[in-house]
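Quick note on numbering: full-length UniProt numbering labels position 7 of the sequence shown as 7, and the sequence is numbered without any gaps. Note that CB positions come from ideal geometry on N, CA and C, so glycine has one too. Everything below concerns the one structure shown next.
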Amino acid sequence: MLQTRDLAQIGLMTSFLIVLGWLPAIPLGFIPVPIVFQNLGVMLIGATMGVKKGSLTLLLFFLFGLVLPVFSGKSTTLTTLVGPTAGYVLAWALVPLLMGWLLSKVKQPTFPVLVAVTILVGVLFVDVVGSVWLSQVTNLSLSASLFANLAFLPGDLLKAFVACLIAQRISILE
Numbered sequence: 001m002l003q004t005r006d007l008a009q010i011g012l013m014t015s016f017l018i019v020l021g022w023l024p025a026i027p028l029g030f031i032p033v034p035i036v037f038q039n040l041g042v043m044l045i046g047a048t049m050g051v052k053k054g055s056l057t058l059l060l061f062f063l064f065g066l067v068l069p070v071f072s073g074k075s076t077t078l079t080t081l082v083g084p085t086a087g088y089v090l091a092w093a094l095v096p097l098l099m100g101w102l103l104s105k106v107k108q109p110t111f112p113v114l115v116a117v118t119i120l121v122g123v124l125f126v127d128v129v130g131s132v133w134l135s136q137v138t139n140l141s142l143s144a145s146l147f148a149n150l151a152f153l154p155g156d157l158l159k160a161f162v163a164c165l166i167a168q169r170i171s172i173l174e
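Structural data, given as structure tokens:
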């Protein structure tokens with residue numbers, strides 16, 4: 001049973017994710033997927049909320065997206081899920097589940113463990129799933145799609161590190 005505090009945390013992190021969507025997406029030109037800041041929020045949710053609260057946070061975000069343009073580029077869940085970014089967004093839904101599960105296997109996750117899990121799930125998993133989807137809906141081969149995703153790597157690694165720094169300072173974990 002969720003407590004009032006849990007509901008407040010879910011609402012706060014959902015709001016944070018929506019606010020990150022207000023930041024303009026940065027188009028790359030050579031790939032139809034822009035650089036966005038919402039993946040920072042997804043990684044932070046995965047690093048701090050645990051499986052249950054993190055998954056509920058992303059579910060609430062997607063539900064808001066059914067009627068409001070909460071995604072970067074002022075798009076809704078449905079328009080996002082039919083475009084080239086769908087694989088990345090669908091992977092976001094699994095980030096809290098996977099990160100929460102992995103982090104629950106470690107008694108006291110140290111900062112390096114938190115960074116490793118965040119990079120593994122929040123960056124690499126999302127980029128691989130996104131690349132597979134991208135190759136299916138565009139003329140890019142899977143190898144070309146994966147190669148194009150290397151452009152995201154420096155920024156995603158920085159966002160993962162920032163998410164871990166913030167996660168280390170706040171204690172929302174179950």
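Opposing strand residues paired with residue i [DSSP bridges]
i: residue 71; result: 75
i: residue 26; result: 35
Under 8 Å between C-beta atoms of residue i and residue j
i: residue 23; j: residue 167; result: no
i: residue 93; j: residue 58; result: yes
i: residue 46; j: residue 130; result: no
i: residue 84; j: residue 134; result: yes
i: residue 55; j: residue 112; result: no
i: residue 21; j: residue 62; result: no
i: residue 164; j: residue 114; result: yes
i: residue 14; j: residue 60; result: yes
i: residue 30; j: residue 144; result: no
i: residue 151; j: residue 28; result: yes
i: residue 18; j: residue 155; result: no
Boundaries of the alpha helix (DSSP H) in which residue i is found, first to last residue
i: residue 160; result: 153-169
i: residue 143; result: 142-148
Inset, instruction - Jot down the residue ranges of each uninterrupted alpha helix (DSSP H) in the stretch 81-127, minimum 4 residues, whole runs only, in chain order. - result: Scanning the stretch 81-127 for uninterrupted alpha helix (DSSP H) segments of 4 residues or longer gives 86-104 and 111-117, listed from N- to C-terminal end.
Take every Cβ of the stretch 114-130, pair it with every Cβ of the stretch 36-55, and state whether three or more of those distances are shorter than 8 Å.
yes
- Contact between the stretch 2-18 and the stretch 100-120 (3+ Cβ pairs under 8 Å): no
*Touching or not, the stretch 63-75 and the stretch 136-143, by the rule of three or more beta carbon pairs under 8 Å?*
no
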